[in-house]
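Novice:
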Amino acid sequence: MDTVLEQPRPALAKGYYHRLLTGCGVLAALMFALMGALVCTDIFLRNLTTVSMPWTVEVCEYLLMTATMLAAPWLLYQEGHIRIDLLLRALAPGWRVWADRLISALGLLICVLLTWFAIDVAQDKAQQGSLVFKVLVFPEWWLNLPMILGFGLMTLEFARRLLPLSSATSDEEVL
1 MDTVLEQPRP ALAKGYYHRL LTGCGVLAAL MFALMGALVC TDIFLRNLTT
51 VSMPWTVEVC EYLLMTATML AAPWLLYQEG HIRIDLLLRA LAPGWRVWAD
101 RLISALGLLI CVLLTWFAID VAQDKAQQGS LVFKVLVFPE WWLNLPMILG
151 FGLMTLEFAR RLLPLSSATS DEEVL
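For the record, in the sequence shown the residue sitting at position 42 is 42 according to UniProt numbering, with numbers rising by one throughout.
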């Protein structure tokens, strides 16, 4: 029998959540690749032709911020974020789970605040009608959308880590 068929199906919500965060990671990777391609193309065109793409730097600025805000929740979900476990290893096994929960609670609090502030700033900029005037001109509140999405998804991930069903139960899972 095929081993793929023997594995239990993930819960429907968990499957969508996994696909959403995986999609964020893939989209972030594509954005980083696009930035490299844009910069190389602009350099190539400026040095070998009379053509230039004056919007390249500006677009790369926005892509960098957006890709970072998409990659952060995916990295947190994959546990690929920077983690200093020196202190956790020094703790007794029973305390490690509690320390990990405390870290997740602090991360949740910080991400909730950052999401709220990003929403507040976006609403303020939208009400003011602020525009970004560079090579490209667009509403300034658009710049807050990646932050709202990124910090919002990190809020969900930290909350998921605090739920009893998803919490680490063994010492190995915490480290």
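Don't be surprised by glycine CBs; every beta carbon is placed ideally from N, CA and C. Quick caveat: nothing in here was measured; it's all calculated off a predicted structure.
1. How long is the line joining the alpha carbons of valine 135 and tryptophan 55, rounded to whole angstroms?
2. Asparagine 144: buried (16+ other C-beta within 10 angstroms of its C-beta) or exposed?
3. Using only CA atoms, which one of Leu34, Ser104, Trp116 lies nearest to threonine 66?
4. With a CB to CB cut of under 6 Å and the five nearest residues on each side skipped, what residues in its chain are close to residue 186?
5. Where does leucine 21 sit, in a helix, a strand or coil, going by DSSP?
6. Per DSSP, proline 139 forms a beta bridge with which residues?
7. With leucine 108 and threonine 68 assumed to form a contact (beta carbons below 8 Å), what rounded beta-carbon distance in angstroms separates them?
8. Measuring CB to CB, does leucine 27 end up less than 8 Å from leucine 75?
9. Alpha carbon to alpha carbon, how far is aspartate 124 from arginine 89? Give it in angstroms, no decimals.
10. Which residue's Cα is closest to the Cα of arginine 160: Met31, Pro73, Tyr62, Phe44?
11. To the nearest angstrom, how far is it from the Cα of valine 137 to the Cα of glutamate 58?
12. Do serine 104 and phenylalanine 158 count as a contact pair if the criterion is CB distance below 8 Å?
Specialist: On the basis of the data shown:
1. Position 135 of the sequence shown holds residue 135. Position 55 of the sequence shown holds residue 55. The C-alpha of valine 135 lies about 6 Å from the C-alpha of tryptophan 55.
2. Working through the sequence shown from its first residue, we reach residue 144 at position 144. Counting Cβ neighbours within 10 Å, asparagine 144 comes out buried, since at least 16 surround it.
3. Here residue 66 refers to the residue found at position 66 of the sequence shown. Of the candidates Leu34, Ser104, Trp116, Leu34 places its Cα closest to the Cα of threonine 66.
4. The question about residue 186 has no answer here: the residues shown for the chain are numbered 1 through 175.
5. As a first step, residue 21 is located in the sequence shown; it is residue number 21 there, counting from the start. Of the three classes helix, strand and coil, the one that applies to leucine 21 here is helix, per DSSP.
6. Translated into the one-based positions of the sequence shown, residue 139 becomes position 139. Beta bridge pairing from DSSP links proline 139 with Leu131.
7. Within the sequence shown, numbered from 1, the residue matching residue 108 stands at position 108. Within the sequence shown, numbered from 1, the residue matching residue 68 stands at position 68. Cβ atoms of leucine 108 and threonine 68 stay farther apart than 8 Å, at about 20 Å.
8. Taking the sequence shown and counting its residues from 1, one reaches residue 27 at position 27. Taking the sequence shown and counting its residues from 1, one reaches residue 75 at position 75. 8 Å or more divides the Cβ of leucine 27 from the Cβ of leucine 75.
9. As a position in the sequence shown, residue 89 is number 89, starting the count at 1. As a position in the sequence shown, residue 124 is number 124, starting the count at 1. Their backbone Cα atoms lie some 45 Å apart in a straight line.
10. Here residue 160 corresponds to residue number 160 of the sequence shown, with the count starting at 1. Closest by alpha carbon: Pro73.
11. Here residue 137 refers to the residue found at position 137 when the sequence shown is read from its first residue. Here residue 58 refers to the residue found at position 58 when the sequence shown is read from its first residue. Going from the Cα of valine 137 to the Cα of glutamate 58 covers about 11 Å.
12. Stepping through the sequence shown from its first residue, residue 158 is reached at position 158. Stepping through the sequence shown from its first residue, residue 104 is reached at position 104. In this structure, phenylalanine 158 sits near serine 104, with a CB-CB distance shorter than 8 Å.
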